[in-house]
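A.B. asks:
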Amino acid sequence: MFISSRRWVHTALPAAAVATSLTFAPLAIPAQAVDNAATVTVASGTTPLAATAEQTLQWELSKRALLWDAKASGEGVSIVPADEFEPANGSLKLTKATGWVNKDTKDASVQWPGSVTYTINGAQTITFQDFALEVTGGSGIITATVSSTDPNQPANNKDAKRVTVATFKGAEIAIDGTTATITATPNYEGVTYVRDEDISYDDAWPTELINNITDSVRSWFYASGSRWDDQKKPSPFTATLTLGEDKPGTGSDTGSDTGATNGVKDARINDAGHLILTFTDGTTKDLGKVTGKDGAEGKPGTDGKDGNNGKEGRGIASVTTNAAGQLVITLTDGTMLDPVDMPAPAKQPMAPESIVAIVLGVIATLLGGIAAIHTIAAAYLFKG
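Residues -33 to -1, 1 to 351, numbered by mature numbering (1 follows the signal peptide of the UniProt record, and there is no 0), are exactly what the sequence shown covers, in order.
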């Protein structure tokens, strides 16, 4: 077991940004935008998945998971055995899904129904239900509703909860005709699981997944110094998707028949940590850096020496739009916030600065405590 003196840092931002967050309250959405919020439609460039084709996600989770007895439940859910003599041990395969792929940006949002339950040591169970994959700019997240039981310690059972199962970056994404293939290996090395104030593990699956697994089998999801640590790493996954017909954005059905409209086609965090908006007219706007800064130094270790430096503060990892035109925000700790409706294009053309203010108002309302958003929002709302 590795015991770290590192202290978990929830949010760390520059002093100037913090000061601004105290000055400006979460931004309100203009009344006109609220009136039109329910009429948002799919953004231009999005292609839905073919309804009658197989949409495959295949993932063994980890080498250790291949040794657990797996039971699939639901249409299009199966186990692909690693050994023909052990039919219950193998990779999870999901083939029925809904969602979309953007051929231009290679972003994607896919949801698979059904579940798989793993039984460990003939006793403890972990159930994953309704997997979802979100990809933005080559990075992404896999979520699922997770529950876990231990018949020997029922007080430690974990109720079903939607959590982040994996995060990843640098995905290999290929689109060939009507087939899109997404392959990635989830993050693990350098991902810290903090068990309590004094003990942490430096290579781990996402914290919210581990915390929703019964205590007796949590250690299969982080490097604890055991001889089986190599089996705990998440394995690569592959999603093979068949695309249907392109579905261009239609804007708001309440909009005017005259005059051009403008709205947000896409929102994303670039490699420099800047939030970039792309408008439906093709123009872009760099809203500045929104990711967190380095955390504070760790508390003194048990030997009296200074602890290691903290990791990056909790901030925004990605901001994107889904097929419904909603904003989807993922934080740097892997947490994905509930999607939120965006205002539809106004009946009259709107200046980019006005749209920016609305978008930042939505984000700031969601993330009231993240100061960088307030700093940027203030700059646009009170501009000129």
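Note that beta-carbon positions come from the ideal geometry of N, C-alpha and C, so glycine has one too.
Would Ser115 pass as a contact of Ile180 if the rule is Cβ separation under 8 Å?
C.D. replies: Closer than 8 Å, so yes.
A.B. asks: Who are the near neighbours of Glu175 in its chain, counting only those whose CB is closer than 6 Å to its CB and skipping five residues on each side?
C.D. replies: Around Glu175: Val130 and Thr131.
A.B. asks: Does the separation of the CB atoms of Thr150 and Thr209 fall below 8 Å?
C.D. replies: Contact: no.
A.B. asks: Rounded to whole angstroms, what is the Cα-Cα separation between Glu164 and Glu21?
C.D. replies: Spanning the two alpha carbons is a distance of roughly 46 Å.
A.B. asks: Who does Asn69 pair with in a DSSP beta bridge?
C.D. replies: Thr13, per the DSSP bridge assignment.
A.B. asks: Give the single residue among Leu24, Ser58 and Gly43 whose Cα lies nearest to the Cα of Leu34.
C.D. replies: Here the closest residue by C-alpha is Ser58.
A.B. asks: Counting C-beta neighbours from all protein chains within 10 Å, is the total for Glu156 16 or more, i.e. buried, or is it exposed?
C.D. replies: It counts as exposed.
A.B. asks: Determine, using beta-carbon pairs with one atom in the region 81 to 90 and one in the region 37 to 54, whether at least three such pairs fall under 8 Å.
C.D. replies: Enough Cβ pairs lie closer than 8 Å, so yes.
A.B. asks: Given a threshold of 16 other Cβ atoms within 10 Å of its Cβ, counted over all protein chains shown, does Asn154 qualify as buried or as exposed?
C.D. replies: Label assigned to Asn154: buried.
A.B. asks: If you follow the beta strand (DSSP E) that Asp169 is part of, which residue opens it and which one closes it?
C.D. replies: Taken as a continuous stretch (DSSP letters only), the beta strand (DSSP E) holding Asp169 covers Ser167 to Asp170.
A.B. asks: Determine which residues share a DSSP beta bridge with residue 367 and list them.
C.D. replies: This structure cannot speak to residue 367, because the chain is shown only from -33 to 351.
A.B. asks: Hey, out of Ile87, Gln120, Thr72 and Ala127, whose CA is closest to Ala102's CA?
C.D. replies: Strictly speaking, residue 102 in this sequence is Val, with Ala absent from that position. Per the Cα distances, Thr72.
A.B. asks: Please look up how many angstroms separate the CB atoms of Ala171 and Val158, rounded, as I've assumed it's under 8 Å.
C.D. replies: About 5 Å separates the two Cβ atoms, so the contact holds.
A.B. asks: Let me check you understand the geometry: is the CB of Pro15 closer than 7 Å to at least one non-hydrogen atom of the ligand HEM?
C.D. replies: This structure lacks the ligand HEM, and indeed carries no ligand of any kind.
A.B. asks: Assign Gln96 to one of two classes, buried (16 or more other C-beta atoms within 10 Å of its C-beta) or exposed (fewer than that).
C.D. replies: Gln96 should be labelled buried.
A.B. asks: Measure how close the beta-carbons of Gly144 and Leu16 come, nearest whole angstrom, since I'm counting them as under 8 Å.
C.D. replies: The Cβ separation is near 14 Å, so there is no contact.
A.B. asks: What distance in whole Å lies between the Cβ atoms of Gln91 and Ser183, which are believed to be in contact at a cut-off of 8 Å?
C.D. replies: 6 Å between Cβ atoms; contact.
A.B. asks: Run the CB neighbour count on Phe188, radius 10 Å, all protein chains shown included, and call it buried at 16 or more, exposed below.
C.D. replies: Phe188 is buried by the Cβ-count criterion.
A.B. asks: Can you give me the C-alpha to C-alpha distance between Pro(-20) and Asn123, rounded to a whole angstrom?
C.D. replies: In this predicted model, Pro(-20) has a pLDDT of only 36, less than 50, meaning its place in the structure is not dependable; the value taken from the coordinates is given anyway. Approximately 40 Å between the Cα atoms of the pair.
A.B. asks: Per DSSP, what kind of secondary structure is Ile180 in: helix, strand or coil?
C.D. replies: Coil.
A.B. asks: Indicate the three-state DSSP secondary structure (helix, strand or coil) for Asp36 in the structure shown.
C.D. replies: If DSSP states are grouped into helix, strand and coil, Asp36 belongs with the strands.
A.B. asks: Skipping 5 residues on each side, what residues in its chain have a beta carbon closer than 7 Å to that of Asp126?
C.D. replies: Correct list, in chain order: Ser114.
A.B. asks: Rounded to whole angstroms, what's the CA-CA distance from Val161 to Asp117? Just pull it up for me.
C.D. replies: The straight-line gap from Cα to Cα measures roughly 22 Å.
A.B. asks: Can you give the Cα-Cα distance for Glu27 and Pro203, rounded to whole angstroms?
C.D. replies: Each residue's Cα considered, the two are about 8 Å apart.
A.B. asks: Which one or two residues does DSSP pair with Gly107 in a beta bridge?
C.D. replies: Its beta-bridge partners are Val102 and Phe135.
A.B. asks: With DSSP run on the structure shown, which of helix, strand or coil describes Ser186?
C.D. replies: Correct three-state label for Ser186: helix.
A.B. asks: Grab the span of the beta strand (DSSP E) containing Gln78 for me, first residue to last.
C.D. replies: Per DSSP, Gln78 belongs to the beta strand (DSSP E) from Ala75 to Ile87.
A.B. asks: Can you tell me whether Gln91 is helix, strand or coil according to DSSP?
C.D. replies: In this structure, Gln91 counts as strand in the three-state DSSP scheme.
A.B. asks: Candidates Thr205, Ala206, Asp213 and Ile177: which alpha carbon is nearest Lys199's?
C.D. replies: Taking only the C-alpha atoms, the option nearest Lys199 is Ile177.
A.B. asks: Suppose the cutoff is 8 Å on Cβ atoms and the five residues either side in sequence are ignored; what does the same chain contact list for Thr110 look like?
C.D. replies: Hits under 8 Å: Phe98, Ala99, Glu101, Arg129, Val130, Thr131, Val132 and Met303.
A.B. asks: Is it the case that the Cβ atoms of Lys63 and Gln25 are separated by a distance below 8 Å?
C.D. replies: Their beta carbons are not under 8 Å apart, which means Lys63 does not touch Gln25 by this criterion.
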